[in-house]
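Q: My questions all concern the structure below.
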Ligand SMILES: [Zn+2]
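Below, the structure is given as structure tokens:
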């Protein structure tokens, strides 16, 4: 059994630009000019290209380029005009609000989704846990699925998505963003970043979060809280306690800077952590710059596992390559354990259906 427990297949619709093929920003701009689009939203931009909004201003149509971490994007003047924005740099909710308006709809999105599912199947995956809004959930429901899909509805879409389940399509955890990412310096930290002296952004306060968790439990579901910084993880743990949860295996996604004390609390609360071993390889340079000394204790999935906390792995599609993630995980854990965390758990524990 091979499971990628954290995917966004929707991103296949934003993969029109082969960012990795460009070694400098001039080449990228030349390519974008050749596309002759009416508008464009594309995902996968690397921070190392050093692209600025001004560079994009020579393109006459609205352009939004989203960085690989999915938490920040840059646009041009035409985009700012079209959507009446405050500026060309977009983060978090605002970023995806605009991206959603630009993304392909209907047939094109269905095609993108089918491409993503084919790739998942070819990689040998038997199941993915994919984050969805109502439109995407409906598409999944209409498609002949080549593997099992667990729908992870965004909080705003939690009730609308409930009706889209069948034999291969199950309703999973409800996604709530509690902070951003380390590369965008928006993950919420206890102590400031090394290079910006800011602490990141907390997207929802403890009290409000506890209410949201209770609402989700009342629907018979559980939450998947996106929390990367140690500050955000603390807020999640407090909120779970405040909400007096009655269900096992609510999830925390990423938990990149989880501390030893927080690991113990997660165990007490019978939480399920979904971590990304691939991040340790993929972001190692960014971690050092942003976190200094703290980069040493990033993604402690080995410690989480050894402490006996319930744990599963997902790639978050950075990159969408289970083999790459395997290689990173095996640097810290035996192969047998890695296989267990990438889906072997299905044979032992049914986290999905056991509510
Ligand atoms: Zn994600």
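Numbering (our numbering), first residue to last: 40 to 394. All C-beta atoms, glycine included, are put in the ideal place defined by N, C-alpha and C.
1) Alpha carbon to alpha carbon, what distance is there between residue 113 and residue 349?
2) Which residues does DSSP pair with residue 431 in a beta bridge?
3) According to DSSP, residue 191 sits in a beta bridge with which residue or residues?
4) Scan the stretch 62–90 and note each continuous beta strand (DSSP E) run of 3 residues or more that stays entirely inside, going in chain order.
5) Does DSSP put residue 265 in a helix, a strand or coil?
6) CB residue 227 to CB residue 241, shorter than 7 Å?
7) Starting from residue 134 and walking both ways along the alpha helix (DSSP H), at which residues does that stretch end?
8) Looking only at C-alpha atoms, which of 384, 304 and 118 sits nearest to residue 140?
9) Could you name the residues that DSSP lists as bridge partners for residue 43?
10) With a CB to CB cut of under 8 Å and the five nearest residues on each side skipped, what residues in its chain are close to residue 288?
11) Does residue 251 come out as helix, strand or coil in the three-state DSSP assignment?
12) For the alpha helix (DSSP H) holding residue 214, just list the boundary residues, first then last.
13) How is residue 58 classed by DSSP in three states: helix, strand or coil?
14) Are the stretch 76–93 and the stretch 49–63 in contact at 8 Å, needing three or more beta carbon pairs?
15) What does a CB cutoff of less than 6 Å around residue 213 pick up in its chain, not counting 5 residues either side in sequence?
16) Measure the beta-carbon distance from residue 170 to residue 47 and round it to whole angstroms, keeping in mind my assumption that it falls under 8 Å.
17) Going by DSSP, what residue range makes up the beta strand (DSSP E) through residue 114?
18) Do you know offhand how far residue 285's Cα is from residue 206's?
19) Using 8 Å as the Cβ pair cut-off and three pairs as the minimum, do the stretch 237–252 and the stretch 264–284 touch?
20) Just to confirm, are residue 222 and residue 128 a CB contact at a threshold of 7 Å?
21) For the alpha helix (DSSP H) that contains residue 153, what are its first and last residues?
22) In angstroms, rounded to a whole number, what distance separates the CA positions of residue 91 and residue 357?
23) What are the boundary residues of the alpha helix (DSSP H) that residue 376 is part of?
24) Tell me the rounded alpha-carbon separation between residue 49 and residue 188.
25) Among 178, 321, 327 and 346, which residue has its Cα nearest to the Cα of residue 301?
26) May I ask you to check if the CB of residue 269 is nearer than 6 Å to at least one heavy atom of ligand 1?
27) Going residue by residue through the stretch 309–390, where are the continuous beta strand (DSSP E) segments of at least 3 residues, counting only ones entirely within it?
28) For ligand 1, is there any heavy atom lying closer than 6 Å to the beta carbon of residue 169?
29) CB-CB under 6 Å to residue 184, same chain, minus the five flanking residues each way: which ones, in chain order?
A: On the basis of the coordinates in this document:
1) Counting from one through the chain shown, the residue named residue 349 turns up at place 310. Counting from one through the chain shown, the residue named residue 113 turns up at place 74. So the alpha carbons of these two residues sit roughly 37 Å apart.
2) Not covered by the structure: residue 431. The range shown for the chain is 40 to 394.
3) For the purposes of this step, residue 191 is identified with residue 152 of the chain shown, where counting begins at 1. Note: residue 191 sits in a beta bridge opposite 170.
4) 79–84
5) Translated into the one-based positions of the chain shown, residue 265 becomes position 226. In this structure, residue 265 counts as strand in the three-state DSSP scheme.
6) The residue labelled residue 227 in the question sits at position 188 within the chain shown. The residue labelled residue 241 in the question sits at position 202 within the chain shown. Yes.
7) Mapped onto the chain shown, residue 134 falls at position 95. It spans 131–141 - the alpha helix (DSSP H) in which residue 134 sits, taken as one unbroken run.
8) Along the chain shown, read from residue 1 onward, the residue named residue 140 stands at position 101. It is 118.
9) As a first step, residue 43 must be located in the chain shown, where it is residue number 4. DSSP output for residue 43 lists 167 as bridge partner(s).
10) Position 249 of the chain shown, counted from the first residue, corresponds to residue 288. Around residue 288: 261, 309, 310, 311, 349, 390 and 393.
11) In the chain shown, residue 251 corresponds to position 212, counting from 1. If DSSP states are grouped into helix, strand and coil, residue 251 belongs with the helices.
12) Position 175 of the chain shown, counting from 1, holds the residue named residue 214. It is not in any alpha helix (DSSP H) - residue 214 instead sits in the beta strand (DSSP E) that spans 213–216.
13) Here the question's residue 58 lines up with position 19 in the chain shown. Correct three-state label for residue 58: helix.
14) yes
15) As a first step, residue 213 is located in the chain shown; it is residue number 174 there, counting from the start. Counting only Cβ-Cβ distances below 6 Å, and skipping sequence neighbours, we find 192, 194, 197, 255, 260 and 262.
16) Counted from its first residue, the chain shown places residue 170 at position 131. Counted from its first residue, the chain shown places residue 47 at position 8. The Cβ separation is near 5 Å, so the contact holds.
17) As a working mapping, residue 114 is identified with position 75 in the chain shown. Run containing residue 114: 111–114, per the beta strand (DSSP E) assignment.
18) Here residue 285 corresponds to residue number 246 of the chain shown, with the count starting at 1. Here residue 206 corresponds to residue number 167 of the chain shown, with the count starting at 1. Cα to Cα, residue 285 sits roughly 27 Å from residue 206.
19) yes
20) By one-based count along the chain shown, residue 222 stands at place 183. By one-based count along the chain shown, residue 128 stands at place 89. Not closer than 7 Å, so no.
21) Counted from its first residue, the chain shown places residue 153 at position 114. Per DSSP, residue 153 belongs to the alpha helix (DSSP H) from 145–161.
22) Locating residue 91 in the chain shown gives position 52, where the first residue counts as 1. Locating residue 357 in the chain shown gives position 318, where the first residue counts as 1. Rounded to the nearest angstrom, the two C-alpha atoms are 23 Å apart.
23) What you label residue 376 is simply residue 337 of the chain shown in a count that begins at 1. Counting along the chain, the alpha helix (DSSP H) containing residue 376 begins and ends at 374–378.
24) As a position in the chain shown, residue 49 is number 10, starting the count at 1. As a position in the chain shown, residue 188 is number 149, starting the count at 1. Near 13 Å, if we compare the C-alpha coordinates of residue 188 and residue 49.
25) Looking up residue 301 in the chain shown gives position 262. The candidate whose alpha carbon is nearest that of residue 301 is 346.
26) Locating residue 269 in the chain shown gives position 230, counting from the first residue. Flag unset: Cβ of residue 269 not near ligand 1.
27) 311–314 and 349–352
28) In the chain shown, the residue the question calls residue 169 occupies position 130. No - ligand 1 has no heavy atom lying nearer than 6 Å to the Cβ of residue 169.
29) Locating residue 184 in the chain shown gives position 145, where the first residue counts as 1. Closer than 6 Å at the Cβ level, and outside the excluded window around residue 184, lie 207.
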